[in-house]
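In this note's numbering, the protein residues as written are 158 to 278. Don't be surprised by glycine CBs; every beta carbon is placed ideally from N, CA and C.
Below, the structure written as C-alpha cells:
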C-alpha cells in the first residue's frame, strides 16, 4: 500500500510500475475531500507532527488525478475509517462489515475502464 499526497506529474510512472509488477489486486483511490478535512485526517496519523499545515498546503492539489481514469474517487460520505475498511475489502483483506460500500464517482474527464488498467504518462 502506498499512501500520501502523490502529485500525478511526479508519481505516475512509479505507480504504474508498482501496479504492473504487483501480482495481486491493485487499486488506486483518490480521496476527494476538502483541504480542511485533509488536515483533520492527517492529524490522526502517528508520527506526523513534523509535517505542518504549510507543508500540506504546498503538496495538496485538488483533483490531481492519474491519467487513464484508473482511480476510484471517494468522497466525504463515509469516514476515513469506513473508507479504509472498504479498501481492505476491495483487495480481499477484510470483509466490509458495514454493508455500505460507497459507489465510486468517476472523474469528469476519466473514462471508466478496468480497475487494473495500466497507467501511462
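- Just list the beta strand (DSSP E) runs in the stretch 217-255, keeping only unbroken ones of 3 residues or longer that don't cross its boundaries, in chain order. Runs of the beta strand (DSSP E) inside the stretch 217-255: 228-231.
- Message: Taking 8 Å as the threshold (C-beta atoms), are residue 222 and residue 215 in contact?
- Response: Their beta carbons are not under 8 Å apart, which means residue 215 does not touch residue 222 by this criterion.
- Member of 166, 187, 158 whose CA lies at the smallest distance from the CA of residue 176: Of the listed residues, the one whose Cα sits closest to residue 176 is 158.
- Since residue 240 and residue 231 are thought to touch, with beta carbons under 8 Å apart, how far apart are those beta carbons, to the nearest angstrom? Contact between residue 240 and residue 231 is confirmed by a C-beta separation of about 5 Å, below the 8 Å threshold.
- Item | Expected contact under 8 Å - CB spacing of residue 195 and residue 213 to nearest Å | Right, their Cβ atoms sit about 6 Å apart.
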